[in-house]
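S.K.: Residue 3 is where the sequence shown starts when you use the numbering used here, and the numbers rise one by one after that. Built from N, CA and C at the ideal position, the CB exists for glycine as well. Before anything else, here's the structure in question.
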Amino acid sequence: MIGHWVSLVRHTPLAILTDLDGTLLPFAPTPEEARPDPGLMTLLRSLASRPGLRVVIVSGRPHTTLERYFPDEALWLVAEHGTWYRAEGAWQPTIELAPEPIHRLAERLEEMARAHPGARVERKSWSCALHYRRMPHHARAAFGVEASVILEDFLARHPSFERIEGEQVIEIRAAAARKSFAVTWARQRLGADVRLVALGDDLTDEHLFAALSPTDEGVLVRGGVPRRTHARWEVGGVADARAFLAFIDDARSEGKRMSLSAVPLAPVRPRVPSLAAPSSLLVVSNRLPDLRSSESVDPVRRVNVGGLVSALEPILAERHGLWLGWGGRVVPDCDEPGYGVDEGSPPLAWFDYRQSWLRDYYSGFCNATLWPLLHSFPSRVVIDETTWRSYVDVHEAFADAAQRYVTPHDTLWVHDYHLLLFARTMRARGHRGPIGLFLHVPFPGPDIFSILPWAREVLGAMLEFDLVGFHTHGYVANFTACAASLLGSVAGPHVVEHSGHFTSVEAFPIGILPESFQEAPEPALVAEIQDLTRSLGSTRLVLGVDRLDYTKGIPERLLAFGRLLELYPEWRGRVSLIQISVPSRADIPEYVEQRASVEGIVGRVNGQFGEPHWVPIRYLYRGYSRAHLSRLYRAAHVGYVTPLRDGMNLVAKEYVAAQDPDDPGVLLLSEFAGAAAEMKDALLTNPYYTDGMARDLDRALRMPLEERRARHGRLLAVTERTTALSWAESFLAALSERSPRRGT
Ligand code: ADQ
């Protein structure tokens, strides 16, 4: 590393392009208080005196301020984010733009700032900056909202300006302003063989880094919130940045030219390679697909997101994306949650939950309030203000984490009911890029949704997303009906208007990766599954596979199987049910009860009908690998998928994909699963009607081969048409098409 740097910084000609605030000067409460000290001036003068080396200060400060600080013409200056430069003693503008609109904006902001102690407006030629570093923290949110109203109004009317977020400052500036001007200018003046070293700390410096050529280097000066960058190197802060410049100064001093060992090691280090590009897409979900601590592995979540991972992996790679969520670790409330990035494919950005978040947010509002509400189980909905407050607070924690990795223009794709307020939270923080939500669960009509005391607030927040996606048209209709009846929103086809903002609302049925359920299994696995099926003898197999959850209708399904044996005694000894349930949310009382209820029914049915050579129901309470499941699906004569309510239900699609097309089994599917909207060739059944379901089971078991083949052929076509990949691609394409452009 030292060799690379010594050879680069000894190259002639060399130019150092450096930002000032946050890079060579520590931040101060006001811009006036942050001024170059004698130590910095001495260092810059020394560098500027080295033959073959140019120092270019590239700052957002007004050109008049830079002139005052650096009258010495040996230093080259680029001011106001590239809109002014000093050449041969005279300042020249780089853009042509009428200054009046920005002056009028500055007047409005100054008037507003007078009512907010600590807020301050800084005027420049084609920009103005709103500083809030000196404001008390509690007053910032209200201030941010008030300022955003003025700024949004201005940007809507003046498309040649844009908004950028700096370290506790919001700046409106000419959209054409780019610090990258400094790169072009230095090259023009110093010749094509010049090599550049650029230093900067904030988002505006990314233009500088991005414009560098492969033989140049960018060095990020880390300060506040870590973020993605084009720079390939970093230093720890202002002191290290100055030490780095001193290293260059040293390396170019005549006396040390021949002795590498005499050059002190620069405090510069390489950044993790895959963080070298800015994140253009951040996927956000409550839980990450791959869990770090083995004791908290939840096999269903892991398997369930398997398709999601495969779908999102190529998209995240192509768009330099990241997937953010809870990593599965919980820390006591008195500790600060940890953050980190796990390099891999896809790269995961994780953070810890506090104990109270797990209790009040995750097990509380998400799983005891929203889950039953959205699945239309009103009597199970717990209403509790503490958990609602926690839900709001944890959105702030997610937003804090997200802001570590994204620029305000990146695309955010949010998943599921855990994060319904996320667009609102991010917009309040100035995020301007597209934000989409995909809801993996159903959405009920207004009669059920209005049970929630915060129904209007949640709906209003959902309507701050640019796109809300559901599995079915039925859920889309329920959502628009809720918006119309509870908020008075106007809905057109696929769009809802609320408070002047238009949200696209569409159905994107999720799929699986069918080929992953069709692969030839390992011989050892075949033998293991054969052991299991051999124990069933010549009986036919009915298979249920679910997370143990009351929405999945497992007790109802077992009772209907018992009823089949009662109504059709000829099936006794000739059919067996294997029910595989993977443990889920075992810390919530309803789920513990569910397990006891299921085990009770299994015991009763087996006790009533079982014989020494035949066990009617085998109940397996564990997770299986995808390869195991595929084999079991293929061996089953009936795929028994009968949730009381389900967003989609992937098991239905997996079962179809895994069948032998020449001798396929029958999918017996609840009409209340989202999958029923697409899979009309399944045998549809009502899981609340025990006798009806028993009769449908009998029909499935007797279905002739020809009918089975015909139904399966059409079901397979549905499963292969909408896959996990096509689902992700169509959602993201819609998000980029439907999102309004904000102020650029
Ligand atoms: P889930 O409620 O988890 O997902 P589902 O769609 O059926 O429901 O997915 C379950 C997944 O877990 C399937 O991939 C299945 O193979 C796997 N699985 C189940 N039992 C298993 C076991 N014992 N061992 C191993 N794997 C097992 C939520 C919504 C659904 C929606 C999905 C995707 O509730 O309605 O379909 O998200 O959007």
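How long is the line joining the alpha carbons of alanine 479 and leucine 461, rounded to whole angstroms?
M.R.: Position 477 of the sequence shown, counted from the start, is the residue given in the question as residue 479. Position 459 of the sequence shown, counted from the start, is the residue given in the question as residue 461. Taking the straight line from one Cα to the other gives about 14 Å.
S.K.: Please look up how many angstroms separate the CB atoms of glycine 471 and phenylalanine 733, rounded, as I've assumed it's under 8 Å.
M.R.: Locating residue 471 in the sequence shown gives position 469, where the first residue counts as 1. Locating residue 733 in the sequence shown gives position 731, where the first residue counts as 1. At roughly 5 Å, the Cβ-Cβ gap stays under 8 Å, so glycine 471 and phenylalanine 733 are in contact.
S.K.: Kindly give me the distance between the Cβ atoms of arginine 175 and arginine 52, rounded to whole angstroms, as I take these residues to be in contact under 8 Å.
M.R.: Here residue 175 refers to the residue found at position 173 of the sequence shown. Here residue 52 refers to the residue found at position 50 of the sequence shown. With 8 Å as the limit, arginine 175 and arginine 52 do not qualify as a contact, their Cβ atoms being about 33 Å apart.
S.K.: For the candidate residues Asp698, Ser506, Gly625 and Ala158, whose alpha-carbon lies nearest to that of phenylalanine 563?
M.R.: For the purposes of this step, residue 563 is taken as residue 561 along the sequence shown, with counting starting at 1. Taking only the C-alpha atoms, the option nearest phenylalanine 563 is Asp698.
S.K.: Return yes when the C-beta of isoleucine 250 is under 6 Å from any heavy atom of the ligand ADQ, and no when it is not.
M.R.: One-based indexing of the sequence shown puts residue 250 at position 248. No, Cβ of isoleucine 250 sits at least 6 Å from all heavy atoms of the ligand ADQ.
S.K.: Going by alpha carbons, who is nearest to lysine 126 out of Pro95, Ser150, Met114 and Ile152?
M.R.: To locate residue 126, count along the sequence shown from 1; it is residue 124. When only C-alpha atoms are compared, the closest one is Pro95.
S.K.: Using only the alpha-carbon positions, how far apart do serine 296 and tryptophan 328 sit?
M.R.: Indexing the sequence shown from 1 puts residue 296 at position 294. Indexing the sequence shown from 1 puts residue 328 at position 326. Any answer about serine 296 is weak, because its pLDDT of 35 lies below 50 and its placement is not dependable; what the coordinates show is given next. If I take the Cα positions, the gap works out to 15 Å.
S.K.: Return helix, strand or coil for tyrosine 71, following the three-state DSSP convention.
M.R.: Walking along the sequence shown from the start, residue 71 turns up at place 69. Of the three classes helix, strand and coil, the one that applies to tyrosine 71 here is helix, per DSSP.
S.K.: Thinking C-alpha only, which one of Tyr71, Ala213 and Leu543 is nearest threonine 231?
M.R.: Translated into positions along the sequence shown, residue 231 becomes position 229. Closest option to threonine 231, Cα to Cα, is Ala213.
S.K.: Given a threshold of 16 other Cβ atoms within 10 Å of its Cβ, counted over all protein chains shown, does threonine 687 qualify as buried or as exposed?
M.R.: For the purposes of this step, residue 687 is taken as residue 685 along the sequence shown, with counting starting at 1. Per the 10 Å Cβ criterion, buried.
S.K.: With a threshold of 6 Å, establish whether the CB of tyrosine 626 neighbours any heavy atom of the ligand NAP.
M.R.: As presented, the structure is devoid of the ligand NAP, carrying the ligand ADQ as its sole ligands.
S.K.: Exposed or buried, what is proline 689 when buried is set at 16 or more other beta-carbons lying within 10 Å of its beta-carbon?
M.R.: Position 687 of the sequence shown, counting from 1, holds the residue named residue 689. Burial call: buried.
S.K.: Take every Cβ of the segment 579-592, pair it with every Cβ of the segment 543-552, and state whether three or more of those distances are shorter than 8 Å.
M.R.: Short answer: they touch.
S.K.: Express the C-alpha separation of leucine 469 and glutamate 508 in angstroms, rounding to a whole number.
M.R.: As a first step, residue 508 must be located in the sequence shown, where it is residue number 506. As a first step, residue 469 must be located in the sequence shown, where it is residue number 467. Approximately 8 Å between the Cα atoms of the pair.
S.K.: So, using beta-carbon positions, are proline 410 and glutamate 167 closer together than 7 Å?
M.R.: Walking along the sequence shown from the start, residue 410 turns up at place 408. Walking along the sequence shown from the start, residue 167 turns up at place 165. Yes, the pair counts as a contact, with Cβ atoms nearer than the cut-off.
S.K.: So, are the CB atoms of leucine 290 and leucine 19 less than 7 Å apart?
M.R.: Within the sequence shown, the letter at position 288 stands for residue 290. Within the sequence shown, the letter at position 17 stands for residue 19. No, the Cβ-Cβ distance between leucine 290 and leucine 19 is not below 7 Å.
S.K.: Tell me whether arginine 536 is buried or exposed, calling it buried when 16 or more other Cβ atoms sit within 10 Å of its Cβ.
M.R.: On the sequence shown, residue 536 is found 534 positions in, with the first residue counted as 1. When all chains shown are included, arginine 536 counts as exposed.
S.K.: Beta-carbon within less than 7 Å of aspartate 354's beta-carbon, same chain only, minus the 5 sequence neighbours each way: which residues are those?
M.R.: Along the sequence shown, one-based indexing puts residue 354 at 352. Hits under 7 Å: Gly329, Arg331, Val332, Val333, Pro339 and Gly340.
S.K.: Taking contact to mean 3 or more Cβ pairs, one atom from each stretch, closer than 8 Å, check whether the segment 100-115 and the segment 233-252 are in contact.
M.R.: Too few Cβ pairs lie closer than 8 Å, so no.
S.K.: According to DSSP, which residues form a beta bridge with aspartate 648?
M.R.: On the sequence shown, residue 648 is found 646 positions in, with the first residue counted as 1. Paired residues: Ala675.
S.K.: Just mark lysine 655 as buried or exposed, buried being the case when its beta carbon has 16 or more other beta carbons within 10 Å.
M.R.: In the sequence shown, the residue the question calls residue 655 occupies position 653. The residue in question, lysine 655, is buried, as its Cβ has 16 or more Cβ neighbours within 10 Å.
S.K.: Aspartate 683: which of Asp449, Ala719 and Asp402 sits nearest, CA to CA?
M.R.: The residue labelled residue 683 in the question sits at position 681 within the sequence shown. Closest option to aspartate 683, Cα to Cα, is Ala719.
S.K.: Can the beta-carbon of cysteine 484 be found less than 7 Å from the beta-carbon of phenylalanine 510?
M.R.: Here residue 484 is taken as the residue at index 482 of the sequence shown, counted from 1. Here residue 510 is taken as the residue at index 508 of the sequence shown, counted from 1. Cβ distance not < 7 Å, so cysteine 484 and phenylalanine 510 don't count as in contact.
S.K.: Please state whether the Cβ-Cβ distance between threonine 644 and arginine 565 is less than 7 Å.
M.R.: Here residue 644 refers to the residue found at position 642 of the sequence shown. Here residue 565 refers to the residue found at position 563 of the sequence shown. Taking 7 Å as the Cβ cut-off, threonine 644 and arginine 565 do not qualify as a contacting pair.
S.K.: Tell me whether valine 377, by its Cβ, gets closer than 6 Å to a heavy atom of the ligand ADQ.
M.R.: The residue you call residue 377 lines up with position 375 of the sequence shown. Inspection of the sequence shows that residue 377 is occupied by histidine rather than by valine. Incorrect: histidine 377 has no Cβ contact closer than 6 Å to the ligand ADQ.
S.K.: Checking the sheet assignment: what are the DSSP bridge partners for valine 171?
M.R.: Here residue 171 is taken as the residue at index 169 of the sequence shown, counted from 1. Partner(s): His133 and Gly168.
S.K.: Among Tyr657, Tyr393, Ile590 and His160, whose alpha-carbon lies nearest the alpha-carbon of aspartate 548?
M.R.: Taking the first residue of the sequence shown as position 1, residue 548 is located at position 546. Checked all of Tyr657, Tyr393, Ile590 and His160; the closest Cα to aspartate 548 is Tyr657.
S.K.: Taking all protein chains shown into account, do 16 or more other C-beta atoms lie within 10 angstroms of the C-beta of serine 182, making it buried, or fewer, making it exposed?
M.R.: Numbered from 1 along the sequence shown, position 180 holds the residue referred to as residue 182. When all chains shown are included, serine 182 counts as buried.
S.K.: Is it the case that the CB of valine 636 approaches a heavy atom of the ligand ADQ more closely than 6 Å?
M.R.: For the purposes of this step, residue 636 is taken as residue 634 along the sequence shown, with counting starting at 1. A small fix is needed here, since residue 636 is arginine in this sequence, not valine. For the ligand ADQ, not one heavy atom lies less than 6 Å from the Cβ of arginine 636.
S.K.: From arginine 294 to proline 349, what distance separates their C-alpha atoms?
M.R.: Within the sequence shown, numbered from 1, the residue matching residue 294 stands at position 292. Within the sequence shown, numbered from 1, the residue matching residue 349 stands at position 347. Caution applies to arginine 294, whose pLDDT of 38 falls short of 50 and renders its modelled position unreliable; the value that the coordinates give is listed next. Roughly 13 Å between the two C-alpha positions.
S.K.: Excluding the 5 residues preceding and the 5 following glutamine 610 in the sequence, name in chain order all residues of the same chain whose CB lies nearer than 6 Å to its CB.
M.R.: Numbered from its first residue, the sequence shown carries residue 610 at position 608. The answer is none, since no qualifying residue turns up.
S.K.: Rank His160, Thr217 and Ala121 by C-alpha distance to the C-alpha of threonine 14 and give the top, closest one.
M.R.: Taking the first residue of the sequence shown as 1, we reach residue 14 at position 12. Here the closest residue by C-alpha is Thr217.
S.K.: What are the start and end residues of the alpha helix (DSSP H) that includes alanine 399?
M.R.: Locating residue 399 in the sequence shown gives position 397, where the first residue counts as 1. Per DSSP, alanine 399 belongs to the alpha helix (DSSP H) from 387-405.
S.K.: Assign glutamine 661 to one of two classes, buried (16 or more other C-beta atoms within 10 Å of its C-beta) or exposed (fewer than that).
M.R.: Position 659 of the sequence shown holds residue 661. With 16 or more Cβ atoms within 10 Å of its Cβ, glutamine 661 is classed as buried.
S.K.: With respect to the beta strand (DSSP E) encompassing isoleucine 619, which residues constitute its N-terminal and C-terminal limits?
M.R.: Here residue 619 refers to the residue found at position 617 of the sequence shown. Where isoleucine 619 is concerned, the enclosing beta strand (DSSP E) stretches over 619-622.
S.K.: On the DSSP letters alone, give me the boundaries of the beta strand (DSSP E) that threonine 413 sits inside.
M.R.: Counting from one through the sequence shown, the residue named residue 413 turns up at place 411. That run of the beta strand (DSSP E) goes 408-417.
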